[in-house]
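Engineer:
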Amino acid sequence: MKKELIFGAAYYEEYLPYDRLEQDMQMMVEAGFNTIRIAESTWSVEEPRPGEYDFSHVDRMIEAAGRYGLNVIIGTPTYAVPYWLVQMDPDVMVTNADGQAKYGSRQKMNIVNPTYRKYAEGVIRALVSHTAPQPNVIGFQIDNETKHYGTAGESVQQLFRAWMKERFGTVERMNDALGLAYWSNSVASFEDLPDPTGTINGSYGCEFATFQRKLAADFLKWQADIVNEYKREDQFITQNFDYEWKSFGPKGQQDGYSWGVQPNICHYEASKAVTLMGTDIYCFDQDLLTGREIAFGGDMMRAMRDDNYLVLESQAQAFAEWLPYPGQLRLMAMSHLASGACGVMYWNWHSIHNAKESYWKGLLSHDFAPNPTYEEACVIGQEMKRLSPILSGMRKENKIALVVSTEAVNAMKWFPLHKDVSYNDVVHWIYDALYELNLECDVIFEQEKDWSQYQMLVFPNLYCVREDTAARVDAFVKAGGTVFSTFKSFFTDEHVKIYHDKQPHGLTQCFGMTYNQFTRPVHVTVDGVEASYWMELLNPEGAETVAHYKHKYWGKYAAVTRNTYGKGHAWYLGTMLPPEKCKEYLKRAAMDAGIAVPDVQFPVIVRHGLLSDGSRVHFVLNYSSDLREIVCEWKGTELLTGTTVEKGAKMEVPDWGVLMIKE
Amino acid sequence: MKKELIFGAAYYEEYLPYDRLEQDMQMMVEAGFNTIRIAESTWSVEEPRPGEYDFSHVDRMIEAAGRYGLNVIIGTPTYAVPYWLVQMDPDVMVTNADGQAKYGSRQKMNIVNPTYRKYAEGVIRALVSHTAPQPNVIGFQIDNETKHYGTAGESVQQLFRAWMKERFGTVERMNDALGLAYWSNSVASFEDLPDPTGTINGSYGCEFATFQRKLAADFLKWQADIVNEYKREDQFITQNFDYEWKSFGPKGQQDGYSWGVQPNICHYEASKAVTLMGTDIYCFDQDLLTGREIAFGGDMMRAMRDDNYLVLESQAQAFAEWLPYPGQLRLMAMSHLASGACGVMYWNWHSIHNAKESYWKGLLSHDFAPNPTYEEACVIGQEMKRLSPILSGMRKENKIALVVSTEAVNAMKWFPLHKDVSYNDVVHWIYDALYELNLECDVIFEQEKDWSQYQMLVFPNLYCVREDTAARVDAFVKAGGTVFSTFKSFFTDEHVKIYHDKQPHGLTQCFGMTYNQFTRPVHVTVDGVEASYWMELLNPEGAETVAHYKHKYWGKYAAVTRNTYGKGHAWYLGTMLPPEKCKEYLKRAAMDAGIAVPDVQFPVIVRHGLLSDGSRVHFVLNYSSDLREIVCEWKGTELLTGTTVEKGAKMEVPDWGVLMIKE
Amino acid sequence: MKKELIFGAAYYEEYLPYDRLEQDMQMMVEAGFNTIRIAESTWSVEEPRPGEYDFSHVDRMIEAAGRYGLNVIIGTPTYAVPYWLVQMDPDVMVTNADGQAKYGSRQKMNIVNPTYRKYAEGVIRALVSHTAPQPNVIGFQIDNETKHYGTAGESVQQLFRAWMKERFGTVERMNDALGLAYWSNSVASFEDLPDPTGTINGSYGCEFATFQRKLAADFLKWQADIVNEYKREDQFITQNFDYEWKSFGPKGQQDGYSWGVQPNICHYEASKAVTLMGTDIYCFDQDLLTGREIAFGGDMMRAMRDDNYLVLESQAQAFAEWLPYPGQLRLMAMSHLASGACGVMYWNWHSIHNAKESYWKGLLSHDFAPNPTYEEACVIGQEMKRLSPILSGMRKENKIALVVSTEAVNAMKWFPLHKDVSYNDVVHWIYDALYELNLECDVIFEQEKDWSQYQMLVFPNLYCVREDTAARVDAFVKAGGTVFSTFKSFFTDEHVKIYHDKQPHGLTQCFGMTYNQFTRPVHVTVDGVEASYWMELLNPEGAETVAHYKHKYWGKYAAVTRNTYGKGHAWYLGTMLPPEKCKEYLKRAAMDAGIAVPDVQFPVIVRHGLLSDGSRVHFVLNYSSDLREIVCEWKGTELLTGTTVEKGAKMEVPDWGVLMIKE
């Protein structure tokens, strides 16, 4: 995609306490905006009564935007239902494991309910047909942060039973595959399958979750098909994919920050519905801003189709904890571009005066006056305008892939490593180590078959693997690749049934190692550092023992092994170690893979891109409150200042500052 | 009111394991009691079957009390329903946000249920008509610690929708005022309003809570109207008003202690039903006894109608944590009098041998034998008898008012400052500072229009204000008053909609300051001390910066400002600071207001009163385990010992001791 | 019982991912197994459709076991219901205080539901009649870890009301005994009794729990009666009695470890259904292995009928936390024998590949290969085979009894000492002190009438006592016995109604002490150590003050008293003190009782037995990671090595090692 970089915000004129459309547009233009996202979440305004559509706000916004030279992304409003829809059919409210949701919040509907589907279809058709002809409408967002919302009512369970029948064919095969005999859970027919929300069988529970995720992906596909009937060829379809949220702070006041693999929709499957990947990424700022969530989300979104993606929501002032220091809003925006984003949009333009997100603030505060955050957005806007011709369409060429799994994130909720450590914690433990080493990687899903571009594959806690994945890993190493796996990988099949042969399943030769006991490390050290949470007692069978456990009784077992297998190398980490130690092993594995490890490390982050003109660009991002000096490794131009830089020259990067060097 | 000081306890003969009425009365007389409170909570004994009244216990108690010279307060038993009432109509049990309550606990009924009202009316009429003629019945308590109990069943919601229609007139006005467009919550008619217990809109949620509080106040008014049909003119009507309870210790074993503004009934509205304010106040004792809850509750109860109030429940031995040290029971009693109480009654006479409050002990333990706590009550009783002619009818004349809000305590539950800090925590943070400085104040509600007697107004976290309140504050300062406000005040209107002009709403001139950004303080100091929980980035516009934030990026903003405006002064505190620092600023504000700050401070508390004979009395209360020496500021008589005291003389106050000096 | 010591495991062929029956049997034989436990929990395999029985797995296992010389215990499968039973009658799922359980987990059925009973009877009759004739079937386990599961549906409440009528006769007596007048809970007829799951009256709540426990005991009796119709005389009936579980680690992943008196079935009553006591005992291992749970459970199971008992489930590898160090599996097994067990069986043979207990591992890991834990089991198996003729039928002769109460464990949940301290914590505090002092005791229930064999009785937190118990204690001391009681003992009657005379009820003369006030200790010391959680302010009336409280105000009260009464002695501990101090007092009490306290203490545990040939055996168990040296107090033979030992000789006990010396 080679277009202008997108810069803008979500804008809800419907929520304004008074008419200030013109003022807002003027302020947006001053901020260098070229795009707004509108209409999603405002169904009750767009259709106040069943079938009575009122798009006057939408029209006003598109028209005004047109006058101010702004493009518009139209969001379908389907994730927040009006109350009349629930009055018409109470089953519109989702029934999940905890019972039926009450009306009030968004994203609490039953996405397979026919009444919901009928009226959703109605408003989508009306809205898209109404707006698609407008020249400044550049694309459509279908729904928002779509997930399955735990939908588990009787009608969903009927669909589930039919799906199970199709999936397993015979009830015996299902009983076996899911181990239902345990505690008398086996059944004599598919019709007899019990409510999965009561199950104590993780295989059965995860199977139902797989089905639920399928419903969510199908729902997006269904919306895309409708939009496709109306949209112009030049208009894109996108979705605002989110991540697992990690909570903090007062319960109910915010949802947390963007932490890892989303458990409640499979991004790999769902992405098929869209023509442009879109995402929202939220993270701590101030002293806790590290850029890792920005990089992680970007590396996943981009890698899913090896293309640019749009950041549909990036935080502005957000809630109390998140008010960016001077420079941080810009650093975040440039980091998105460094990951291959084709644009950055804020959530949202103005702070809302009522309801749940009153303190999840926008660029403007409740008083609509300019403020330091808005003023920094103005700087970014001008810079992006200037950089757009150069950076648009930038590509990445990573040699490392980190492999994640939607099945694993769900399975590990049933069988947590430890109460304080989730699957995504392990994923970030490894991802962050790579990130801080400035070893760029793609984040790819286990289903992805094509590993041909990679020299190194990293498997953090890849608990569930399909049979062929183990075989592909074996072949990858044999052929000269390097793999780096943590504990609790290659342990179960895709039905979360533990493999009954030697662990790691199908890879004991590849890793030159096996184990059949594991425990918690208590006062156990490895290579001088404390082991935490989990330890597998590794028995090398050909592999080199990189480090062993230091402990009176467990001392005879290996903790970290490295095997030379075929033309490649296979690393295995049997326990959780502090990040610095983990980095040591990752560096050595990278060397095995023939990948150079840069000298500069976090808090100075270096990211690389291949520009449309064939030249390379290097982003230097200072994630600290201190000025940093680096030695420039490239000869070229610093794009933000326009100055020429020489290889070997010392360069200063201000606190929370950015350099962008084009060779 | 100029009558004998009341001294006594709640007495439940119905709960006794054997007949010991005469013994109990004798022991009460020995303790100097003149009053007992009976009958509340014993409905199932008074009406064992529908319509079959049995007041034999009540009669026995009144008769015996008469013989022993004791007065009686009759409580209507309506807060603990008999099970036959629930069998008759299951909707008698309250349905709240969590569903319908099960039978068992008190205060779980639906106060608008017609069956409940019918039988409540029956028992009230029967009981009051039966007992009002008795000469030693001095008054009636209607219900007990009345609140709305979250009542939210379908019938309540019907009433709510009608009330909303009346309140807003048009649905458009309601949609706007409550910002219902957010997440598609707007409706096309009042009949379509959804169940507010599911809402994510704090404005809508708080509006419903306002309605629920109205139901509770109406319920008391309804009871008072019935009682008024029977009671003699000399008999009072009272209520046992409680406070927000702050929990501690094992869940379910106690409700906590009396912490702050009650969210679930509006005291300001509810007080209209009674002729004598009544209250219960519970607090930590032993090393944690500070007197602040006694002072806070008293300052609120007294200020509501500028009159004496009755402490209907004060703790005796209470539960395990609360066993008073020698002297503390007396110190608490005298502190109540120092705040303007016209009497002190214990909850309760004897410890109960079964059920929830078995360990919420009375003056007597389970063995009914004298014990040190009972023996101290005997001392208090004799002293009160002696002091009664002097202290009865004592008044207070405070120059400072601390302004609180029932709307704010509710709104801040939707938008908490921080998970560890509630509205009442901020209120107590400021109140306690005044208390420890011996700066006496009235605690008044935001609705109170008459500020004429005050020189200084204090606004802790007054989040919600009616439009005219800001104007009144402005005028108050202009005219020479001093105001002292904390962060998060004057932020929303009474519908919890954030004002969309500059903050603090309507008072930027008055405070000479504005702000539109705020965040959490992390390693931020102000004037040498740590800022906590919340910080507003204040931009002075005319005000003096009393202190600024010390921080690399926030250092340019003010933390505390002081403005001279008209003839007065306006202080604003943008963050939470340790109590000692807060006191420093309060002292300076008091000086601005022309109010002298005493030298003596907590743990020695000094409280003042104006006696009926026109003379002044000063209470010196030692809230510590150490003997304290003070310099007497008054010439007069120490009432407890009868000794003459001279101004400037050194006086000793024993540990947990009291002096009472009449000028 | 003088038979071969039992050694084996639970075996679930139904759960195997492939047929490996012969391999498993071979490996069992290599491990020295002589018994397997089968069939419990596999109802859906045994009866896949209503009335269609399929015992092919059971037959295969019995037949193969026979070929390999293994005995079989058949478990009735009734604790895990098939889903068809729930489809037939949804009330099969238990309704408890939280509502109706969903299908999925075991032990969630309504044990009084007629449909459940009908089909349970069917499968029991079919299974037992089918298997009883097999010569290698040695006994039957009825159900598993049976409890009442909180069953409280309407049909249960009907039974409860009838039972209450029978129990109390008149409604007045019930109202009085349970103090129902409190908060209007009294009723006019038994038919009007409200749902006890809503009650705030601990007496009423505990009465219902007593009824629920009776249902559970009756259920076992009912199963035993059915089994008795079919079983041979030489076949036993057993139950797998469990303890209160103390949780730790990630919620839902394990149930915890075996902590104390089981609240949800009365072992004293339930034991009447079986001919051989059976139990499961789980505990921490690695550095936290102490043997105290093994000893406690054994001391209770053995004492209930002064006979050997079978450990039906002992942990193998269990979950992540629990992987035994080398030697620990053997130490645990030998400790069971030292307590009088007639056998040790593991739960379970192989780790399960799906569902809730995937990480509650068996002797074999998921790969079925030999591993260090299995290999240690092989050693144990050979040793037990060798020791069997000597140790089988070993008896114990303890002079101390520790008295526990099922009523008290329930009552203390209503009235907890402190949020961090349960009844069982107090029980273990005292039990563990005795254990670590190597003072062996029986653990007996309060109902047990025969104390004739004991010289010393210990009462930790015996909150509820029947009237005659106090009298029996008095007589015991008068006659020369020694008692040692903690705080909160002898406080209520069996209806959890607090006694209204002087505390400790009926024993003020015996203890020479009384009290009527208590509180929390805050900075209070006793005899140089910190008092915790609870302190009673003891007033000696004849007793010696062993230690008083050190505190400004509580210093005048005694903390520990000792009374000489009749020919005996009575100790009373008014507060909780560190274990070492508690041991000091227990030692002195033991001396009063004429019981010698050994020099050797924990971590070296010494346990004694009386062999069938009349000689004595002494177990020396090293519960530490260090080698320990002891001085041998006996002349005889060390059974494991066969070496001769001399009195006074120094002997080494390896880390986690065992000596077994036969005199």
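Protein chains in written order, with my numbering: chain A, 1 to 663; chain B, 664 to 1326; chain C, 1327 to 1989.
Positions of the beta carbon are idealized from the N, C-alpha and C atoms, including for glycine.
Since the model is a prediction, treat every value here as computed from it, not as a measurement.
(1) List, from N- to C-terminal side, the alpha helix (DSSP H) runs of 4 residues or more that fit wholly inside the stretch 1170 to 1197 of chain B.
(2) For chain C, find out if any of its Cβ atoms is closer than 9 Å to the Cβ of B:N1034; answer yes or no.
(3) Please list the residues of the stretch 1687 to 1711 of chain C that have a C-beta atom closer than 8 Å to any C-beta atom in chain A, keeping them in chain order.
(4) Which residues of chain B have a Cβ atom closer than 9 Å to the Cβ of C:F1928, listed in chain order?
(5) CB-CB under 8 Å to C:N1501, same chain, minus the five flanking residues each way: which ones, in chain order?
(6) Buried or exposed for C:Q1349, going by 16 or more other Cβ atoms inside 10 Å?
(7) Which residues does DSSP pair with A:V617 in a beta bridge?
(8) Using a threshold of 9 Å, state whether the C-beta atoms of A:L681 and A:E207 are closer than that.
(9) Ignoring anything shorter than 3 residues or poking outside the stretch 1526 to 1589 of chain C, list the beta strand (DSSP E) runs there in chain order.
(10) From A:K581, A:H523, A:T564 and A:A479, pick the residue whose C-alpha is nearest to that of A:E436; which is it?
(11) Could you check what DSSP says for A:Q87 in three-state terms: helix, strand or coil?
(12) Residues of the stretch 1608 to 1622 of chain C in Cβ contact with chain A at a cutoff of 8 Å, in chain order, please.
(13) Answer yes or no: does any C-beta atom of chain A fall closer than 9 Å to that of C:K1682?
(14) Smallest Cα separation from C:G1900: which of C:T1970, C:K1893, C:V1886 and C:T1732?
(15) To be precise: take each residue of the stretch 175 to 199 of chain A, compare its Cβ to all Cβ atoms of chain C, and keep it if any distance is under 7 Å. Which residues remain?
(16) Does the CB of A:R520 have a neighbour CB from chain C at under 9 Å?
(17) Let me see if you follow: with CB-CB separation under 9 Å, is B:A672 close to chain C or not?
(18) Going along chain B, which residues have a C-beta under 9 Å from A:L21?
(19) Check whether the stretch 1472 to 1480 of chain C and the stretch 702 to 720 of chain B touch, using three or more Cβ-Cβ pairs below 8 Å as the test.
(20) Let me know if A:M591 comes out buried or exposed under the rule of 16 or more other beta-carbons within 10 Å of its beta-carbon.
(21) Would you say C:V1670 faces chain B, with C-beta separation under 9 Å as the test?
(22) Is the Cβ of C:S1431 closer than 9 Å to any Cβ of chain A?
(23) By the three-class DSSP mapping on this structure, what secondary structure does A:L329 have?
(24) Among B:D888, B:G842, B:L856 and B:I805, which one has its Cα closest to the Cα of B:Q820?
(25) Give me the Cα-Cα distance between B:D858 and A:N354, rounded to the nearest whole angstrom.
(26) Can you find the residues in the same chain that come closer than 6 Å, C-beta to C-beta, to C:A1357, ignoring five residues on each side of it along the sequence?
(27) Would you mind listing the alpha helix (DSSP H) stretches within the stretch 1779 to 1815 of chain C that are 4+ residues and don't spill past its ends, in chain order?
(28) According to DSSP, A:A132 sits in a beta bridge with which residue or residues?
(29) Is there a Cβ from chain B that is less than 9 Å from the Cβ of C:G1838?
Structural biologist: Based on what the coordinates show:
(1) 1171 to 1174
(2) yes
(3) S1691, H1692, D1693, F1694, A1695, N1697, P1698 and T1699
(4) Those within 9 Å of C:F1928 in chain B number zero; the least Cβ separation is about 31 Å.
(5) A1507, S1512 and V1513
(6) exposed
(7) A:G609 and A:K662
(8) No statement about residue 681 of chain A is possible, as the shown extent of chain A runs from 1 to 663 and does not include it.
(9) 1562 to 1567, 1570 to 1572 and 1583 to 1586
(10) A:K581
(11) helix
(12) Q1612 and D1613
(13) yes
(14) C:V1886
(15) L178, G179, A181, Y182, W183, S184, N185, S186, V187, A188, D192, P194, D195, T197, G198 and T199
(16) yes
(17) no
(18) Chain B residues near A:L21: none, gap ~15 Å exceeds 9 Å.
(19) no
(20) exposed
(21) no
(22) yes
(23) helix
(24) B:L856
(25) 18 Å
(26) A1703, C1704 and G1707
(27) 1793 to 1804
(28) Note: A:A132 sits in no beta bridge, so no partner.
(29) no
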